[in-house]
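Colleague: One structure follows; several queries about it will come next.
Numbering (our numbering), first residue to last: 581 to 684.
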């Protein structure tokens, strides 16, 4: 039955963190600075209350970056690439979020 809760899946804290970060990027994205005039970079988009969780999110973003064929050794390096676009950044978030929802 719809809405009976039998198929309800709660987002993990990792997925929630990535989704919140993506939302920050959607509102404004910047390069070469963590935060600038209301915009944020990929790292600056995180509210870090749990470093271990942030580390996992950063790892998923880097896996997504490499999985999409970009060759960067860090999320910051990918973000700050002069040829980078906001759409590419959002695509990386989508991949990382998708990975965060699949069982390990």
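Positions of the beta carbon are idealized from the N, C-alpha and C atoms, including for glycine.
(1) Quick one: give me the first and last residue of the alpha helix (DSSP H) that residue 603 is part of.
(2) Apply the 10 Å Cβ neighbour rule to residue 595 and answer buried if 16 or more other Cβ atoms are within range, or exposed otherwise.
(3) Between the C-alpha atoms of residue 620 and residue 603, what's the straight-line distance to the nearest angstrom?
(4) Applying the criterion that 16 or more other CB atoms from any shown protein chain within 10 Å of the CB defines a buried residue, is residue 581 buried or exposed?
(5) Report the residue from 630, 680, 591 whose alpha carbon sits nearest the alpha carbon of residue 644.
(6) Out of 652, 635, 656, point me to the one whose CA is closest to residue 622's CA.
(7) In three-state terms, what does DSSP make of residue 617?
(8) Closest by CA to residue 640, which one among 665, 675, 663?
(9) Run the CB neighbour count on residue 598, radius 10 Å, all protein chains shown included, and call it buried at 16 or more, exposed below.
(10) In three-state DSSP terms, what is residue 648?
Modeller: Result, derived from the coordinates:
(1) 593-607
(2) buried
(3) 10 Å
(4) Note on residue 581: pLDDT 44, under 50, position unreliable in the model; no value is reported.
(5) 680
(6) 656
(7) coil
(8) 675
(9) buried
(10) coil
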